[in-house]
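Mapped onto the working numbering, the consecutive letters of the sequence shown carry residue numbers 94 to 415.
Step one of this worksheet: look at the structure below.
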Amino acid sequence: MSSLDIVKDVLLKEADEILRISKNLGDEVDAAVDLILSCQGRVILSGLGKSGHIALKISSTLSSLGTPSFFVHPTECSHGDLGMISTQDILLILSNSGNSYELKDVLNYASRNSVPVIAMTGNSESDLAKAARVVFNTKVSAEACPFGLAPTTSTTVCLALGDALAVALLKKRDFSKEQYAQYHPGGVLGRRLLTRVKDVMHTGDTFPLVKSNTSMRDVITKMTAKEVRGVAGIIDDKGNLVGVITDGDLRRRLEKSNDPLGEVAKDVMSHKPKTIFEDELAEKALFIMEEFMIQTLFVLQENTNKPVGLLHLQDLLKAKLR
């Protein structure tokens, strides 16, 4: 067989086992989900060898999707880490054989302290299965390894089952994208859902605001003297934004007027400029800029028409919202 054929064969074997086990699932799913939802502590994952690596990943997925969790190593538990497990917690233990010697102390501790155990095991008659309140039978027909020895299909099944449980819990908790973002501030999604306009806008004296009767000579001077150049906001006597002048407006006026410098701001400004409130998501500002093909966006105080900041497209690109 070619390498391509071998890879496809392994993927198909593992996919078939996931499908087979999914069809055999029953009451244990609701039992496990309900048990975890009622948990007042954390879901503690444990496992040895390759099962331990899968358990660690499941723990990470649970935590990121709204179910607090961490991983303990069975061997370390025998040397003090059992103290990390409280009577408010739940144990989710992975072991293909279910009889790993290193799990003995963990199971005995759980029994003595009435800590519920959920098991993923390929041996429904094992010590682990007998000690568990809920058992997921993850026995596979064969490992994808040609020797039938290396954990391949069995670990894939457990990984997929762990993902499925995490998603089920997410939906039962009505876990939102906004909550997800709180746990992932360093990722793109987190930045998109957490970054507000006020976090990235220019404020204070860094952008130009002028009255509607300001001469265009003075407007141009201010437009080129501030930190954000090429734009000016036009305000009335009450400080409300009534218009905007961009470098594009200036170019168009130069083509039409015989004396553009002799005019005032209200003669050149664009009325009803695009704006956004300071507490809105920065991602929304980016959508507005893209939709209307503009480089700047004035920011208004919440529920008013008073400008408190200015956004430039480059500010949003630097924020890495995508």
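We treat Cβ as the ideally placed atom computed from N, Cα and C, and that holds for glycine.
Treat the numbers as computed from the prediction; the structure is a model and nothing was measured.
Considering only DSSP beta bridges, list what residue i is partnered with.
i: residue 389; result: 405
i: residue 213; result: 187, 229
i: residue 364; result: 336
i: residue 159; result: Answer by DSSP bridge pairing: none, since residue 159 is not bridged.
i: residue 164; result: 138
i: residue 374; result: 289
i: residue 400; result: 393
i: residue 295; result: 403
i: residue 323; result: DSSP lists no partner for residue 323.
i: residue 328; result: 304, 334
i: residue 369; result: 392
At which residues does the beta strand (DSSP E) containing residue i begin and terminate?
i: residue 288; result: Premise fails: residue 288 is in no beta strand (DSSP E) and is neither H nor E.
i: residue 139; result: 136-140
i: residue 302; result: 302-304
Taking all protein chains shown into account, decide if residue i is buried (16 or more other Cβ within 10 angstroms of its Cβ) or exposed.
i: residue 271; result: exposed
i: residue 191; result: buried
i: residue 364; result: exposed
i: residue 161; result: exposed
i: residue 382; result: buried
i: residue 348; result: exposed
i: residue 280; result: exposed
i: residue 243; result: exposed
i: residue 144; result: buried
i: residue 113; result: exposed
i: residue 366; result: buried
i: residue 109; result: exposed
i: residue 317; result: exposed
i: residue 214; result: buried
i: residue 120; result: exposed
i: residue 408; result: buried
i: residue 385; result: exposed
i: residue 312; result: buried
i: residue 105; result: exposed
So residue i is in the alpha helix (DSSP H); what residue range does that whole segment cover?
i: residue 357; result: Note, residue 357: premise wrong, no alpha helix (DSSP H); not H, not E.
i: residue 179; result: Segment: none, residue 179 is in no alpha helix (DSSP H) and carries neither H nor E.
i: residue 247; result: 246-265
i: residue 126; result: 120-130
i: residue 102; result: 96-117
i: residue 206; result: Run containing residue 206: none; DSSP gives neither H nor E here.
i: residue 271; result: 270-276
i: residue 223; result: 220-224
i: residue 315; result: 309-316
Restricting to Cα atoms, I'd like to know which of the options is closest to residue i.
i: residue 239; options: 325, 122, 264, 102; result: 102
i: residue 414; options: 216, 285, 302, 157; result: 285
i: residue 195; options: 177, 206, 165, 209; result: 165
i: residue 169; options: 140, 275, 183; result: 140
i: residue 122; options: 256, 234, 156; result: 256
i: residue 262; options: 151, 181, 332; result: 151
i: residue 147; options: 201, 132, 337, 188; result: 188
i: residue 219; options: 186, 375, 178; result: 186
i: residue 353; options: 134, 318, 310, 338; result: 310
i: residue 116; options: 344, 250, 314, 327; result: 250
i: residue 346; options: 333, 362, 136; result: 362
i: residue 275; options: 156, 237, 135; result: 156
i: residue 232; options: 107, 206, 154, 133; result: 107
i: residue 338; options: 181, 355, 332, 315; result: 315
i: residue 137; options: 208, 96, 100, 95; result: 208
i: residue 132; options: 120, 99, 179; result: 179
i: residue 464; options: 385, 386, 390; result: Residue 464 lies beyond the range of the chain shown here (94 to 415); nothing can be said about it.
i: residue 302; options: 325, 287, 183; result: 325
i: residue 221; options: 130, 184, 333, 252; result: 184
i: residue 398; options: 332, 377, 410; result: 332
i: residue 412; options: 378, 173, 259, 385; result: 378
i: residue 404; options: 384, 94, 369; result: 369
i: residue 234; options: 247, 100, 223; result: 247
i: residue 124; options: 273, 252, 229, 266; result: 229
Below 8 Å CB to CB, which residues in the same chain sit around residue i once its five sequence neighbours on both sides are set aside?
i: residue 320; result: 295, 299, 300
i: residue 371; result: 289, 290, 291, 294, 392, 393, 394, 395, 401, 402
i: residue 329; result: 304, 305, 335
i: residue 198; result: 167, 170, 171, 175
i: residue 245; result: 103, 107, 236, 237, 238
i: residue 202; result: 170, 175, 178, 208
i: residue 277; result: 157, 283
i: residue 342; result: 361, 362, 363
i: residue 266; result: 130, 159, 160
Excluding five sequence neighbours on each side, which residues of the same chain lie with their C-beta closer than 6 Å to the C-beta of residue i?
i: residue 340; result: 323
i: residue 388; result: 406
i: residue 193; result: 141
i: residue 181; result: 133, 134
Quick one: residues in its chain with C-beta nearer than 7 Å to the C-beta of residue i, no 5 flanking neighbours on either side, listed in chain order?
i: residue 307; result: 357, 358
i: residue 225; result: 210, 211, 212
i: residue 268; result: 158, 159
i: residue 129; result: 136, 160, 183, 262
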